[in-house]
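Participant: Chains as they are written, first to last, in my numbering: chain S, 4 to 117; chain C, 546 to 656. The structure under discussion is supplied below as structure tokens; questions concerning it will follow.
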Amino acid sequence: DAGVIQSPRHEVTEMGQEVTLRCKPISGHNSLFWYRQTMMRGLELLIYFNNNVPIDDSGMPEDRFSAKMPNASFSTLKIQPSEPRDSAVYFCASIQGATYNEQFFGPGTRLTVL
Amino acid sequence: GEDVEQSLFLSVREGDSSVINCTYTDSSSTYLYWYKQEPGAGLQLLTYIFSNMDMKQDQRLTVLLNKKDKHLSLRIADTQTGDSAIYFCAERRNQGGKLIFGQGTELSVKP
Numbered sequence: 004d005a006g007v008i009q010s011p012r013h014e015v016t017e018m019g020q021e022v023t024l025r026c027k028p029i030s031g032h033n034s035l036f037w038y039r040q041t042m043m044r045g046l047e048l049l050i051y052f053n054n055n056v057p058i059d060d061s062g063m064p065e066d067r068f069s070a071k072m073p074n075a076s077f078s079t080l081k082i083q084p085s086e087p088r089d090s091a092v093y094f095c096a097s098i099q100g101a102t103y104n105e106q107f108f109g110p111g112t113r114l115t116v117l
Numbered sequence: 546g547e548d549v550e551q552s553l554f555l556s557v558r559e560g561d562s563s564v565i566n567c568t569y570t571d572s573s574s575t576y577l578y579w580y581k582q583e584p585g586a587g588l589q590l591l592t593y594i595f596s597n598m599d600m601k602q603d604q605r606l607t608v609l610l611n612k613k614d615k616h617l618s619l620r621i622a623d624t625q626t627g628d629s630a631i632y633f634c635a636e637r638r639n640q641g642g643k644l645i646f647g648q649g650t651e652l653s654v655k656p
């Protein structure tokens, strides 16, 4: 299995532009998580889906952020408009089941907003 | 509070033991985890412990859980330079798959 796939790996954009981050979870996994990692705030859970349905989006910082999971094999995290304070590494993770199972993390997307 | 807390840095000599500590907040947490993050990579699960256990050993790794004090530790025996990374503890609360992570401890292993 290729693991969790994220694209792009690096994104540099200018303030005000729309940014779309993509994630393909491991086949057969039924929960998907979006995290943001910064030096100041550490690793924060933004939103997670179970069976493609958003369960908890309390970590989404504001209305500029939105996430979708149209099917079991694809999710997007969109920022519109982007701001310099959105610069971070964004991780996607997936798990199978709802017990102790390991969350498998993708390699992350490093976002820089100028 | 809501935070899972860890010390930010730890430096050890190669061959020594490393002990990374963590305090968590929710006594109802079911599972507690240790993840490792190498530079430029995502997080990788090292080990986990169920809340009704006191200790778990896995090769060079020993996890100790003090549920009364909500204290978790990870001991790495015979620490190697390849163990240099950031180590995160996380608690799983009774809310599906949601994990709450600490801020990470950067372990530096000097030859």
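Each residue gets a CB set at the ideal place from its N, CA and C atoms; glycine is no exception.
In the structure shown, what three-state DSSP assignment does T16 (chain S) receive?
Facilitator: As a working mapping, residue 16 (chain S) is identified with position 13 in the first sequence. Correct three-state label for T16 (chain S): strand.
Participant: Could you tell me the boundaries of the beta strand (DSSP E) in which E559 (chain C) lies?
Facilitator: The count along the second sequence starts at 1 and reaches residue 559 (chain C) at position 14. No beta strand (DSSP E) contains E559 (chain C), which DSSP labels as neither H nor E.
Participant: Let me check understanding here. Comparing Cα to Cα, which of S:G109, S:Q106, S:F107, S:S85 lies closest to V15 (chain S)?
Facilitator: Position 12 of the first sequence, counted from the first residue, corresponds to residue 15 (chain S). Of S:G109, S:Q106, S:F107, S:S85, the residue nearest in Cα terms is S:S85.
Participant: Where does G627 (chain C) fall in DSSP's three states?
Facilitator: For the purposes of this step, residue 627 (chain C) is taken as the residue at position 82 of the second sequence. In this structure, G627 (chain C) counts as helix in the three-state DSSP scheme.
Participant: Tell me which residue opens and which closes the beta strand (DSSP E) that V92 (chain S) is part of.
Facilitator: Counted from its first residue, the first sequence places residue 92 (chain S) at position 89. Note, V92 (chain S): beta strand (DSSP E), 91-98.
Participant: Excluding sequence positions up to five away, which residues of its chain have a Cβ less than 6 Å from the Cβ of D89 (chain S)?
Facilitator: Here residue 89 (chain S) is taken as the residue at index 86 of the first sequence, counted from 1. Within the same chain, D89 (chain S) has close Cβ partners I82, V116.
Participant: Using 10 angstroms around the beta-carbon of F595 (chain C), count the other beta-carbons present and answer buried if the total reaches 16, otherwise exposed.
Facilitator: Numbered from 1 along the second sequence, position 50 holds the residue referred to as residue 595 (chain C). Counting Cβ neighbours within 10 Å, F595 (chain C) comes out exposed, since fewer than 16 surround it.
Participant: Kindly give me the distance between the Cβ atoms of C567 (chain C) and E550 (chain C), rounded to whole angstroms, as I take these residues to be in contact under 8 Å.
Facilitator: Here residue 567 (chain C) refers to the residue found at position 22 when the second sequence is read from its first residue. Here residue 550 (chain C) refers to the residue found at position 5 when the second sequence is read from its first residue. Confirmed, Cβ separation roughly 7 Å.
Participant: Out of C:Y578, C:Q589, C:T607, state which residue places its alpha-carbon closest to the alpha-carbon of T624 (chain C).
Facilitator: Working through the second sequence from its first residue, we reach residue 624 (chain C) at position 79. When only C-alpha atoms are compared, the closest one is C:T607.
Participant: How big is the Cα-Cα spacing for S556 (chain C) and C634 (chain C)?
Facilitator: Position 11 of the second sequence, counted from the start, is the residue given in the question as residue 556 (chain C). Position 89 of the second sequence, counted from the start, is the residue given in the question as residue 634 (chain C). Cα-Cα distance, rounded: 18 Å.
Participant: Check whether the Cβ atoms of F52 (chain S) and L24 (chain S) sit closer than 7 Å, and answer yes or no.
Facilitator: Locating residue 52 (chain S) in the first sequence gives position 49, counting from the first residue. Locating residue 24 (chain S) in the first sequence gives position 21, counting from the first residue. Going by C-beta atoms, F52 (chain S) is not nearer than 7 Å to L24 (chain S).
Participant: Hey, quick one: how far does the beta strand (DSSP E) through S8 (chain S) stretch, first residue to last?
Facilitator: Counted from its first residue, the first sequence places residue 8 (chain S) at position 5. In the sequence under discussion, the amino acid at residue 8 (chain S) is Ile, which differs from the Ser named in the question. From DSSP, the beta strand (DSSP E) with I8 (chain S) extends over 8-10.
Participant: When you compare the CB of L590 (chain C) with every CB in chain S, is at least one pair closer than 7 Å?
Facilitator: As a working mapping, residue 590 (chain C) is identified with position 45 in the second sequence. At least one chain S Cβ lies under 7 Å of L590 (chain C).
Participant: In whole angstroms, what separates the C-alpha of K27 (chain S) from that of Y93 (chain S)?
Facilitator: Here the question's residue 27 (chain S) lines up with position 24 in the first sequence. Here the question's residue 93 (chain S) lines up with position 90 in the first sequence. Answer to the nearest angstrom: the Cα atoms are 14 Å apart.
Participant: How big is the Cα-Cα spacing for Y569 (chain C) and M598 (chain C)?
Facilitator: To locate residue 569 (chain C), count along the second sequence from 1; it is residue 24. To locate residue 598 (chain C), count along the second sequence from 1; it is residue 53. Distance between the alpha carbons of Y569 (chain C) and M598 (chain C) is about 16 Å.
Participant: By Cβ distance below 7 Å, which residues in the same chain neighbour G546 (chain C) in space, the five residues on each side in sequence not counted?
Facilitator: As a position in the second sequence, residue 546 (chain C) is number 1, starting the count at 1. Because the pLDDT at G546 (chain C) is just 45, under 50, the model does not fix this residue reliably, and the value given afterwards should be weighed accordingly. The answer, listed in chain order, is T570.
Participant: Just verifying my parser: in three-state terms, what is the DSSP assignment at P57 (chain S)?
Facilitator: Reading the first sequence from its first residue, position 54 is the one you call residue 57 (chain S). If DSSP states are grouped into helix, strand and coil, P57 (chain S) belongs with the strands.
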